[in-house]
Amino acid sequence: MAVRLWSTLLLYLSDNGFAGWYISCYALAIFHLNLFIAFLSPKIDPSFEMSESLDDEDGPALPTNNNEEFRPFIRRLPEFKFWEQTVISTLIAVFSTFFDCFNVPVFWPILVMYFFILFFLTMKRQIKHMIKFRYLPFTHGKTKYKGKPEVS
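Quick note: the sequence shown uses numbering that gives the first Met the number 0, first residue 0, plus one each step.
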C-alpha cells in the first residue's frame, strides 16, 4: 500500500512540477476511478438478479435450503487485485513520462473539472445503488456477532 501511495504521489507531483504529461496523469486518474468503482461493486449485482426473476417481487432473499450459501458481499475486484493494478498502472504512467510523445499540450483545468464531475456523478450513482440494495462494502460499522460465552 505504501508503494502505491508513494508512486502515485510522486507521479502527481512530478507532473505538476514539470508542467506537462497531463494526459497520462488524467488517464491514470480515470483508470484508478474505474478500479475503485469495481472495488466497491458487488460481484453479483442484485439489480441484475431482480430483473431475471420476474415472479419474485421482493428482490433478493436469504437462502431457504441448507445447500445454499449466504454471502452478503463479494467484491467484483478483490482488494489484492485492486492494489496490484493501481501499482502497475502508476508505474506505467511514470514510465510514460520519459517519452515526449505523451506530453500532449492541453488546458489542464478542464481535465481536472471533468474528472471531478465524473467522480461525483459515478459515486452518487454507486451510493444510491448501495442504499437501494442495502449493502456496505466496508467492515467499519457492521454488526459483529459474538459466540456463546464459555462456561467453566
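Glycine included, every Cβ here is placed at the ideal spot set by N, Cα and C.
Can you have a look at Gly19 and say buried or exposed, based on whether 16 or more other CB atoms are within 10 angstroms of its CB?
Counted from its first residue, the sequence shown places residue 19 at position 20. That one is buried.
According to DSSP, simplified to helix, strand and coil, what is Pro41?
The count along the sequence shown starts at 1 and reaches residue 41 at position 42. Under the three-state reduction of DSSP output, Pro41 falls in the strand class.
By DSSP's criteria, Arg124 is part of a beta bridge. Which residues make up the other side?
Walking along the sequence shown from the start, residue 124 turns up at place 125. The partner list for Arg124 (beta bridge, DSSP) is empty, contrary to what the question assumes.
Phe115 versus Lys131 - alpha carbon distance
Here residue 115 refers to the residue found at position 116 of the sequence shown. Here residue 131 refers to the residue found at position 132 of the sequence shown. So the two alpha carbons sit approximately 24 Å from each other.
Ser40 vs Phe101 beta-carbon contact at 9 Å:
Looking up residue 40 in the sequence shown gives position 41. Looking up residue 101 in the sequence shown gives position 102. For Ser40 and Phe101, no; Cβs fall outside 9 Å.
To the nearest angstrom, how far is the alpha carbon of Phe119 from that of Met112?
Counting from 1 along the sequence shown, the entry for residue 119 is found at position 120. Counting from 1 along the sequence shown, the entry for residue 112 is found at position 113. For Phe119 and Met112, the distance between alpha carbons rounds to 11 Å.
From what residue to what residue does the alpha helix (DSSP H) around Val93 run?
By 1-based counting over the sequence shown, the position of residue 93 is 94. Element bounds for Val93: Glu78 to Ser95.
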